[in-house]
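Peer 1: Dumping the structure here so I can ask a few things about it.
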Amino acid sequence: MGKINAAVEERANESSSSTIDLGTAENWLMRAELMQISKTAIRGKLAAKDLSYQDGFAGHSALLTALAAMFNQYFFPVIPVTPSHLAIAPGGAASLDALLYNICEHGDGVLVPGPFWNGFDWLLSVRSGVVPVLVNVENLKDTFTTALIPRLAQALKESSRPIKALLLTNPHNPFGQCYPRAVIEKCIQFCQQHNIHYISDEVYGLSGFPSPTVKDPVPFTSALAVDIAGLGCDPWRVHVVWSMSKDFGSSGFRMVSSLTAICATALLTSPSLSSLLQRNASRLAEAYGKLVDFFMLHDIEYLPVSHGPFVFARIAGRHLTSWDEETEAIQCFKDAGVVLSPGKAYHMNEHEKGWSRITFAVVPQQLDAALSRLETGLERWSLIVSNKAKQQENGKSGHKRRRSVRTQIGAKRAHIAAHETATA
């Protein structure tokens, strides 16, 4: 609970200040369109029955039907999705919590390839008592390759607690890229082999965009689009979690509410849904391009992305020697008026300090202001790094001078001792 309380306090401080939040993964680029659809739906479709309990244990029937149609159109399932396949929770996090509560016992472990969203640290454990077991590949470039499979096997073998599932976020958070179909299939087969569940977190599944920095991006492949039975695996052990929070920029919607169900159903059944997704992709690409131009101007290392509202960048530099330095850098940018999400929070490897997740899906004027503040933060951080280097150099020089003086004194003493011996 300590981490949760600290996060709540920090969020309250951020929201009450003049800082620009690029640390939270939200999409503001379609808010005007979403507001219009929601207002129209409430005005035209709210009825007396909506003040009653929902008409099904798994959620509002109209919303379940709309969700099934959406999955069938955009996630390309091998087995057509029906409302009976679905269950609605307040959000993606609540869905995952409910799933883990039912398939795990208190103290069980869940394999989570890293780096991963830091919310899993508390989400998995706060009610279900499940422990995330970090599985990192040695090099970032191998994150989306089959090099992950032997690492999963090693983590499962070395775990001191029972492992009940593998949780894979695809598209990836914080890297904004997708796992190839072949890797997903290998992961599902791994779960079958070891009799554990496969959980696919696909909350960014519809947030792909034409990336100006990725020539041939790996397309998003839902676990629904994998022929699980054809792989010799049990379909019942595969679970998909999806939410409107990310793909439709509505993280404030809690899906068990009648009012939210009306708005969500109106959006999912809108004749303009396809064009809205295309418009969202275009705006994501434009905002991402603007941030990438900033990185290139300032020679900042980053991981090219093709999905999601954020990018992972080494904005604090490559030569940090401690996580405290990364924290200091993030604070430096916050002092300049922009909040970033530190790489350490995502369980980066020890030799990968200095990274940060930076959200670009904010309104254009706010992104422009944020880039100006980032530039100020970079100047301040560069000065801090330069001053530290000078202090270290001065410290080395002082040490050399002291050592030289000690050597000279030692030589004089030896000379005096030799002289006294000769005199005697």
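Going by UniProt numbering, the residue at position 108 of the sequence shown is 108; the numbering climbs one at a time, nothing skipped. From the three backbone atoms N, C-alpha and C, an ideal C-beta is built for every residue, glycine too.
According to the Cβ coordinates, are I199 and V226 closer than 8 Å?
Peer 2: Going by C-beta atoms, I199 is not nearer than 8 Å to V226.
Peer 1: Would you check if there are 3 or more beta carbon pairs closer than 8 Å linking the stretch 304-317 to the stretch 200-217?
Peer 2: Counting Cβ pairs under 8 Å, three or more are found: they touch.
Peer 1: What would DSSP say about D55, mapped onto helix, strand or coil?
Peer 2: Note: D55 maps to coil in three-state DSSP.
Peer 1: How far does the alpha helix (DSSP H) with V183 in it reach, from first residue to last?
Peer 2: Taken as a continuous stretch (DSSP letters only), the alpha helix (DSSP H) holding V183 covers R181 to Q193.
Peer 1: Out of S128, F310, Q391 and C178, which has the shortest C-alpha to C-alpha gap to H106?
Peer 2: Nearest option by C-alpha distance: S128.
Peer 1: For the UniProt domain "Aminotransferase class I/classII large" (258-374), which segments carrying the alpha helix (DSSP H) assignment without a break, of at least 4 residues, lie completely within its bounds, in sequence order?
Peer 2: As far as the UniProt domain "Aminotransferase class I/classII large" (258-374) is concerned, its whole alpha helix (DSSP H) runs of at least 4 residues are 258-268, 273-297 and 323-335.
Peer 1: Going straight from the alpha carbon of W66 to that of S258, what length do you get?
Peer 2: Rather than Trp, the amino acid found at residue 66 in this sequence is Ala. Each residue's alpha carbon lies about 15 Å from the other.
Peer 1: So, does the stretch 286-303 touch the stretch 347-366, judging by three or more C-beta pairs under 8 Å?
Peer 2: Yes, the stretch 286-303 touches the stretch 347-366.
Peer 1: Mind checking which residues open and close the alpha helix (DSSP H) that includes P150?
Peer 2: Note, P150: alpha helix (DSSP H), L148 to E158.
Peer 1: For the alpha helix (DSSP H) containing K45, name the first residue and the last one.
Peer 2: Per DSSP, K45 belongs to the alpha helix (DSSP H) from R31 to K45.
Peer 1: Using only CA atoms, which one of V240, G354, G208 and G119 lies nearest to V81?
Peer 2: Ranking V240, G354, G208 and G119 by Cα distance to V81 puts V240 first.
Peer 1: Output the distance between the C-alpha atoms of L378 and F333, rounded to the nearest integer angstrom.
Peer 2: Cα-Cα distance, rounded: 7 Å.
Peer 1: Could you pull the DSSP bridge partners for A165 from this structure?
Peer 2: BP columns for A165 point to V110 and H197.
Peer 1: What does the alpha-carbon distance come out to for the pair I358 and T40?
Peer 2: Whole-angstrom Cα-Cα distance: 33 Å.
Peer 1: Kindly list the residues whose CB is nearer than 6 Å to the CB of W117, restricted to its own chain and excluding five residues on each side of it in sequence; keep chain order.
Peer 2: Excluding residues within five positions, the ones whose Cβ falls inside 6 Å are N173.
Peer 1: Can you tell me whether S18 is buried or exposed? The criterion is at least 16 other CB atoms within 10 Å of its CB, across all chains shown.
Peer 2: When all chains shown are included, S18 counts as exposed.
Peer 1: For A93 versus L123, is the C-beta spacing smaller than 8 Å?
Peer 2: Yes; because the gap between Cβ atoms is below 8 Å, this pair is in contact.
Peer 1: Can you check DSSP and say which residues form a bridge with G208?
Peer 2: Paired residue(s): H307.
Peer 1: Closest to S272 by CA distance: which of E33, G23 and A285 is it?
Peer 2: Nearest option by C-alpha distance: E33.
Peer 1: Do the stretch 266-286 and the stretch 196-212 make contact, defined as three or more Cβ pairs closer than 8 Å?
Peer 2: The answer is yes - the stretch 196-212 touches the stretch 266-286, with three or more Cβ pairs under 8 Å.
Peer 1: Roughly how many angstroms lie between the CA atoms of S16 and T24, to the nearest whole one?
Peer 2: Summary for S16: the model assigns pLDDT 46, below 50, so the residue's position carries little reliability; its value from the coordinates is reported in the next sentence. When rounded, the distance between both Cα atoms is 15 Å.
Peer 1: Less than 6 Å between C-beta atoms, sequence neighbours within five positions excluded: which residues of the same chain meet that for G59?
Peer 2: Excluding sequence neighbours, G59 sits near I88.
Peer 1: Taking the C-alpha atoms as reference points, what is the distance between P132 and P77?
Peer 2: If I take the Cα positions, the gap works out to 28 Å.
Peer 1: Shorter than 7 Å, the distance from the beta carbon of G56 to the closest heavy atom of the ligand COA, or not?
Peer 2: By its list of ligands, the structure shown contains no ligand whatsoever, and the ligand COA lies outside what it can speak to.
Peer 1: How is I384 classed by DSSP in three states: helix, strand or coil?
Peer 2: I384: helix per DSSP, three-state reduction.
Peer 1: Looking only at C-alpha atoms, which of S250, D108, N349 and L96 sits nearest to R161?
Peer 2: When each option's Cα is compared against that of R161, the closest is D108.
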